[in-house]
Each structure stands twice: as structure tokens, then as C-alpha cells.
Amino acid sequence: MNQTIEHQLNHRSHRIFTDKAVSADIIDTLVEVALRTSTHMHMQAWSIIRVTDQEKRRSLADIMRQSNVAAMPELWIFLVDCRRNLEIARQQGYIGQAGATLDRFMQGYIDACIAAQNVLTAVESLGMGGVFLGAIARDYKGTCEILGLPELTFPAIGLGFGYPAREVLLKPRLPREFRVFENEYKDPFENISELNDFDVELEHYYDQCEPGRQDAAFSKKVYKHMSQTFPDHSTLLEELQSQGFII
């Protein structure tokens, strides 16, 4: 097993960091890693905003309801960016709206998320840690306003990273029988004992890092998640349309 795979198999989310800044050289390298990520048809329909302004950081932290976000050494927001290519095409005489379609949006969204994962893998290989910040979804409109996003751009995922302030336990994952199939989808509940065993394993994990947690078992955690009221995303289509996408 090589060192890259060792880092990947030891991935864990880090949310609390030391005050040590990430050097300019490392930032430059990570940007290059992001830019070299695989991309659909070489269209590269995504961008990054590195958020350094403290007021913007606090505003984003408020949206995410995670105060620690404002203090993360590095805060990057990966964007769908269909604007750039449409402008390039228009300079060549194109007069249509193909750059604003759902298909183009999804291509940019997928590419942005792949780039974010690529950067995190590089971050971890350099002895740092990070965490993905999907909570920007709590208020897409507010995120767009904070970051000054023009039409045909949209926030995909956030990434915070730096030098971890403490060790974090490796969180267990569902057995592969529940998630990896060959040739066709298979009912993962043919052997329910596998889920029961995973419940026990996850309870043991939380006993070490969050003693007394009521939803420590995975099945209870899923039930709680499904039962909670999360931000209303019924307006997502309208929010995409307000950013100029034809959906």
C-alpha cells in the first residue's frame, strides 16, 4: 500500500485547527492541484473563491450555523461557473443560451465537487486536515450575495482546512455489502445482522468521543435525520433561475 492510499484510508473530518497559517507556497500548490482535476469535456466550468475577508467569513459561518468556520485558516468555496464559458462563446459570435441549461449546471457542479475532493486529498497528504462544508445550502441566496456571485454561477461546496488542533477518531463506515454491488443493485438488507453489528460499532465510536449521545447507533441516527426539519429547499429551482440558469 502506498502513502497516498494510506492517507485516503485514514481520512477523517477536522473542524478545529491551530493558529498556524497555511503558507503561500502550499496555497499555490493546492490551487494547481484543483486546476489539474479531471473536468467534463475540458470545459472547466467551475471556480474557487478563497474567503479571507473576516466579515464575509462570519456571515458564512452564520449561514452554516457553525461559528468555527470563521476561524478556519483556509476557507474555500467551490462554485459552478457557467458564466465564463458563455462569455467566451459570445466573443466568438455565439448568441444562444446553451451555457445556462441544467445539463451545463450539473457538469459544473460535479466538476466543482471532484476538484474539492482532490484538494482535500492533497491537504491531508501534506499533514493537514479539513472538512467539507455543505451547510452553505442553508441559504444559497445569502451565500451568493456574500460572495458577490453574478449570473450563471452558484455555490457547490465549501472546504475548510488547516493544521488540526487535536486528534480525531476514525469514524466507522457502513459495511461494503450495503454500498458496493456488482452488475446490478441488490437489497442490502438480506443480512440484517450486518446493520446490527454496525450499530454496535458506531455506538462504541461515540462512547469514546461523545459519551451519552442518544442517537449513537446508525439506525437511530438515520431515523433522527429523516425526522428533522431541515432548511426548505423547495425554492432551489427558483434560486437557480434567479442566478440565470434555464431550468
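The number in this note's numbering is simply the position in the sequence shown, starting from 1, with 59 added.
Even glycine gets a Cβ: it sits at the ideal position worked out from N, Cα and C.
Source: prediction; values computed, not measured.
Tell me the DSSP secondary structure of residue i in three-state form.
i, result
"Leu-179", "helix"
"Thr-160", "strand"
"Ile-136", "strand"
"Ile-147", "helix"
"Val-190", "strand"
"Phe-277", "helix"
"Phe-76", "strand"
"Ser-118", "helix"
"Asn-242", "coil"
"Gln-166", "helix"
"Gly-201", "helix"
Quick one, are the C-beta atoms of residue i and residue j less than 8 angstroms apart?
i, j, result
"Gly-217", "Ile-195", "yes"
"Gly-193", "His-73", "no"
"Val-128", "Ala-171", "no"
"Ala-275", "Leu-254", "no"
"Gln-302", "Leu-211", "yes"
"Arg-225", "Ile-107", "no"
"Phe-277", "Asp-246", "no"
Would you give the residue range spanned by the beta strand (DSSP E) that residue i belongs to?
i, result
"Thr-212", "212 to 221"
"Arg-109", "105 to 109"
Going by alpha carbons, who is nearest to residue i out of the options?
i, options, result
"Gln-176", "Gln-287, Glu-210, Gln-62, Arg-95", "Arg-95"
"His-99", "Glu-236, Arg-163, Gln-67", "Arg-163"
"Val-178", "Ile-136, Met-165, Gln-151", "Ile-136"
"Glu-65", "Pro-132, Val-259, Ile-86, Thr-180", "Thr-180"
"Asp-78", "Leu-119, Pro-132, Arg-71", "Pro-132"
"Asp-187", "Arg-272, Asp-266, Ser-82, Arg-143", "In the sequence as displayed, the identity of residue 187 is Met instead of Asp. Nearest option by C-alpha distance: Ser-82."
"Leu-299", "Val-92, His-70, Met-165, Tyr-282", "Met-165"
"Tyr-264", "Ile-75, Phe-213, Leu-228, Val-281", "Leu-228"
"Val-182", "Ile-85, Tyr-282, Tyr-199, Lys-280", "Ile-85"
"Tyr-168", "Gln-150, Trp-105, Lys-200", "Trp-105"
With residue i as the anchor, note down where its alpha helix (DSSP H) starts and where it stops.
i, result
"Gln-302", "Run containing Gln-302: none; DSSP gives neither H nor E here."
"Leu-228", "Where Leu-228 is concerned, there is no enclosing alpha helix (DSSP H), given that its DSSP letter is neither H nor E."
"Ala-83", "83 to 94"
"Ile-64", "62 to 68"
"Tyr-153", "Counting along the chain, Tyr-153 falls outside any alpha helix (DSSP H), and DSSP gives it neither H nor E."
"Leu-254", "252 to 268"
Contact between the region 108 to 128 and the region 140 to 158 is defined here as three or more beta-carbon pairs at a separation below 8 angstroms; is this criterion met? no
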